[in-house]
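In the numbering used here, the protein residues as written are 1 to 364.
For reference, the structure discussed in these notes is given below.
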């Protein structure tokens, strides 16, 4: 029995095949036949498929595979599935102590599969599934589970982390530049990792300036962002730092110089190395930033508060903490990090328990 027959007929007790791959606008089944969207042109289909980020597609495909296998096991149809079947699947995953985010993605994947094949609004009703998930979230909270938040570090701790990164190899020069500029730009790792060398420009210094040794600002054009749905892009200004070790401009210029020595002057800004130390012609894996922050914090002896971990997003959260400690306004922080004015997300990083608590030393 093919995947096509599973979708369009009855399920039988055999080894389940692979789930039909999700392609954004076409549910491609085992025989290569696309789903029911004959009215779409090839150009429209291609652009609609490209509208979903690759990582989101992978996550949805993973969850769709799980739902497809569950339907096979329980002898129910995945397409179209009933409201009850979706609720039962969500409840079973809750009973299995699956993660909240994974279950949320699972519901989204099932909805996407139905809309792909039958059209928008043609999938199962999800109200009960979301109610089940909400109940599960309260249950996990009562049991002591907390969301894994990014731990933060201050400016001195950042320099301690940088000291653990050797700069006697081009990879260390790259990692110092990456860590410093991720903090200074307040950007997410994926947006920062997508930069090309051509996206970075240097301001001209005033020739009348008394201090000619001062480094100029760098400007980075970020063309992709999680919150920039219109893909307008924005320019992030990176000013020179006050300490040579943590100076984002100096560190980034050092990395650009290293690439220039190897003849790399265009293309991806952040790149991996070959075993022989040659800079490769491809973009650095986005997971590198997570490992970089995690390992540097561990080597520096930094301890994360309970329920938090040092990861790539720590750079964005720490930047808010560092800026607030320096007395910067919320409007300037929101502008630098690309948050909307009045963002509660940005203010959520200003955590008093990780800085000076209002009641510490208050005389109680």
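The C-beta atom is built at its ideal place from N, Cα and C for all residues, glycine as well.
| Item | Value |
| --- | --- |
| Just verifying my parser: in three-state terms, what is the DSSP assignment at residue 242? | coil |
| Give me the residue from 124, 93, 166 with the minimum Cα distance to residue 137. | 93 |
| Answer yes or no: do residue 105 and residue 63 have a C-beta to C-beta separation smaller than 8 Å? | yes |
| Could you spell out where the beta strand (DSSP E) holding residue 412 opens and where it closes? | Outside the shown range of the chain, which is 1 to 364, sits residue 412, and nothing can be said about it. |
| Return helix, strand or coil for residue 346, following the three-state DSSP convention. | helix |
| Residue 250 and residue 242: beta carbons closer than 8 Å? | no |
| Could you tell me which of 76, 186, 133, 220 sits nearest to residue 198, measuring between CA atoms? | 220 |
| Taking Cβ positions, are residue 78 and residue 67 nearer each other than 8 Å? | yes |
| Smallest Cα separation from residue 328: which of 315, 347, 72, 313? | 347 |
| Would you please state the rounded distance, in angstroms, between the beta carbons of residue 310 and residue 171? I believe it to be under 8 Å. | The Cβ separation is near 20 Å, so there is no contact. |
| What does a CB cutoff of less than 8 Å around residue 282 pick up in its chain, not counting 5 residues either side in sequence? | 268, 271, 272 |
| Does the distance from the CB of residue 256 to the CB of residue 181 come in under 8 Å? | no |
| Would you report the Cα separation of residue 308 and residue 39, rounded to the nearest angstrom? | 49 Å |
| Using CA coordinates, which residue listed in 142, 169, 200 is at the minimum distance from residue 275? | 169 |
| Do you know whose CA, among 42, 218, 289, lies nearest residue 200's CA? | 218 |
| Can the beta-carbon of residue 321 be found less than 8 Å from the beta-carbon of residue 152? | yes |
| Tell me, to the nearest whole angstrom, how far the beta carbon of residue 158 is from that of residue 246; I am working on the premise that it is less than 8 Å. | 6 Å |
| Measuring straight from C-alpha to C-alpha, what distance separates residue 266 and residue 122? | 46 Å |
| At which residue ranges does the stretch 236-302 contain complete alpha helix (DSSP H) runs of 4 or more residues, listed in the order of the chain? | 248-261, 287-299 |
| So, under 8 Å CB-CB, residue 315 and residue 183 are touching, yes? Tell me the CB distance rounded to an integer number of Å. | 5 Å |
| Less than 8 Å separating the beta-carbons of residue 162 and residue 176? | yes |
| State the CB to CB distance for the pair residue 297 and residue 312, rounded to an integer number of angstroms; the pair is presumed to be in contact (CB under 8 Å). | That pair is no contact at about 11 Å. |
| Where does residue 56 sit, in a helix, a strand or coil, going by DSSP? | helix |
| Using only the alpha-carbon positions, how far apart do residue 178 and residue 126 sit? | 42 Å |
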